[in-house]
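For reference, the structure is listed below as structure tokens.
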Amino acid sequence: RYVRIAALGDPCVLSREEIKATYEAVRREGFRGVLGYTHGWRDAGAHLRGLLMASCDSLVAADEAVDAGWRATAILPWDTSPDGVVTPTGRDVVVCPAQTRRGVNCNTCGLCDASRAGPDVIGFLDHGPKARGEKRRH
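Residue numbers for the sequence shown follow my numbering, beginning at 458 and rising by one.
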């Protein structure tokens, strides 16, 4: 079981100490860890490397984030095959298992816990309103 930090808003405004204290409290209560993402990884969030995932809008940005020391997530087109996805620089991308495998969810997966070892880049299949409209048309 994981806790999602800042489902609304960006946690880059919090200090590293505040995020670490959250991790400690979450683990003390018996949870596995924290899942969190920041769009502010370029500027405001550098102090949160290793605690949060860099939230990127493209695989190009994901490469930039990984080069800067982050683990990253990136949005992929909704119809992307989960096999063989790579970034422009050749990094393997793991497509979110909760989106591609039955019986898997964030609580059973945990790949987005940036405080633990994991893949450099995790791809999320676009599931926003535009993507939902495209799916209906196909």
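Each residue gets a CB set at the ideal place from its N, CA and C atoms; glycine is no exception.
Taking the Cβ atoms as the reference, V483 lies roughly 19 Å from V470, outside the contact range of under 8 Å. In this chain, the alpha helix (DSSP H) harbouring L516 covers L516 to D524.
Under the DSSP assignment, I476 falls in the alpha helix (DSSP H) whose first and last residues are R473 to R485. Following the DSSP letters along the chain, one finds C513 inside the beta strand (DSSP E) bounded by residues M510 to C513.
DSSP, reduced to helix, strand and coil, places G560 outside both helices and strands of the structure shown, so it counts as coil. Shown here, A574 sits in coil according to DSSP, grouped into three states, outside any helix or strand.
Cβ neighbours of A519 within its own chain (closer than 6 Å, five residues either side excluded): C513, A529, A531, T544 and V578. The continuous beta strand (DSSP E) containing R461 extends over residues Y459 to R461. The beta carbons of L533 and G580 sit about 4 Å from each other, so the pair counts as a contact at 8 Å.
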